[in-house]
Amino acid sequence: MTDLAFNLIMDCGQAMLANGGEVFRAQDTMEIMARSFGIVDFHVYVLTNGIFASAQNGTVSAVRHVPVVSTNLGHVEAINAISRRVADGELDLNSAQLEFERMKRMPTLSPLYNCAAATMGAGCFAMLFGGGLPEMLVGALGGLLASASSCALSKHHISRIFRDMLSAIACTLTALIAQLVYPALQVNFAIIGALMVLTPGVALTMGIRDIINSDYLSGTIRLVDALLVAGCLAVGVTLGYTLLSTVTGVVW
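Per numbering that gives the first Met the number 0, the sequence shown runs over residues 0 to 251.
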């Protein structure tokens with residue numbers, strides 16, 4: 000009984016981290032579920048990409064590695080709902096396990112929806128940064144190409160560093176080529192608008208929040224990840240400028 004409950008708690012914590020849940024939220028959820036299931040001497044330490052937990056005076060322990068983190072707040076909310084129902088006594092262990100399996104089968108947004116959202120978002124960001132209709136259209140096209148290339152590369156398990164860099168090159172080349180066709184285009188607004196769909200805003204915000212909550216290690220991991228992505232985007236933009244300048248002989 001204890002082993003089954005312990006494994007379910009570990010599964011819930013791992014799923015929360017893998018779907019973009021905060022470190023403190025994952026830890027609180029696991030501790031609440033452990034108390035509700037009557038697990039004695041439960042201790043858990045949650046990092047951005049890992050969970051260390053023990054119970055029953057150390058006789059039960061486990062380590063979970065969470066190497067890949069995406070953002071699916073629907074799954075995070077579903078696990079929160081399970082923990083609340085467990086704490087209120089509405090779900091026993093078997094029912095909670097069934098609810099968790101149902102949560103894992105929840106549908107996720109298709110790449111088509113992600114590309115559509117990136118297209119609209121990039122166009123709107125281009126407008127917010129001062130661009131007009133031409134910049135919005137080019138920014139939207141750049142956002143579409145950046146999102147599509149990122150989705151395509153992720154299917155082949157390409158490193159995130161190269162995905163972000165290649166996506167930044169794609170949206171930069173799109174804007175620069177558009178400026179060759181339409182010289183009045185304010186290329187900076189179009190590029191910035193497209194890049195905004197790639198920026199790690201969630202990671203940056205959560206890293207600062209972890210540091211405020213005195214979880215310095217997890218906060219540092221998230222901040223380093225955000226800075227690494229920002230650096231990859233900057234390198235991608237620079238490579239895009241350099242590549243097209245070399246091919247066309249035009250200096251921007």
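Glycine is no exception: its CB is placed at the ideal position from the N, C-alpha and C atoms.
Alpha helix (DSSP H) containing residue i: first to last residue?
| i | result |
| --- | --- |
| Ile160 | 159-180 |
| Phe51 | No alpha helix (DSSP H) holds Phe51; the beta strand (DSSP E) holding it covers 49-54. |
| Thr118 | 110-127 |
| His74 | 72-86 |
| Phe256 | Given a span of 0 to 251 for the chain in the structure shown, any question on residue 256 remains unanswerable. |
| Ser146 | 132-154 |
| Ser94 | 92-103 |
| Asn6 | 1-17 |
Thinking residue i and residue j are a contact (beta carbons under 8 Å), I'd like their distance in whole angstroms, please.
| i | j | result |
| --- | --- | --- |
| Ser148 | Ser166 | 5 Å |
| Phe23 | Asp214 | 7 Å |
| Val304 | Asn18 | Absent from the model: residue 304. The displayed extent of the chain is 0 to 251, so no value can be given. |
| Gly206 | Leu222 | 4 Å |
| Gly192 | Phe99 | Not a contact, Cβ separation roughly 40 Å. |
Compare the C-alpha of residue i against each of the options and name the closest.
| i | options | result |
| --- | --- | --- |
| Cys150 | Asn113, Ile81, Ala33, Arg101 | Asn113 |
| Arg170 | Gln55, Thr237, Arg208 | Note on residue identity: the sequence assigns Cys, not Arg, to residue 170. Selected option, being the one with the closest Cα: Thr237. |
| Leu179 | Thr247, Asn93, Met32, Val67 | Thr247 |
| Ala52 | Leu90, Gln13, Glu76 | Gln13 |
| Asp2 | Asp27, Leu97, Gln55 | Gln55 |
| Ala121 | Ser109, Arg104, Gly142 | Gly142 |
| Phe5 | Ala77, Glu30, Ile210 | Glu30 |
| Ala145 | Leu197, Ala125, Pro182 | Leu197 |
I'd like the span of the beta strand (DSSP E) that includes residue i, first residue to last.
| i | result |
| --- | --- |
| Arg312 | The chain is shown from 0 up to 251; residue 312 falls before or after that span and cannot be answered. |
| Val43 | 42-46 |
Quiz item: So does the region 172-182 actually touch the region 218-230, counting three or more Cβ pairs closer than 8 Å?
Solution: no
Quiz item: Mind pulling the alpha helix (DSSP H) runs of 4 or more residues that sit fully within the region 178-226?
Solution: 186-194, 200-211
Quiz item: Would you call the region 28-44 and the region 131-147 in contact, with 3 or more CB pairs under 8 Å?
Solution: no
Exercise. Count the CB pairs spanning the region 100-108 and the region 23-32 that are closer than 8 Å, and state whether there are at least three.
Key: no
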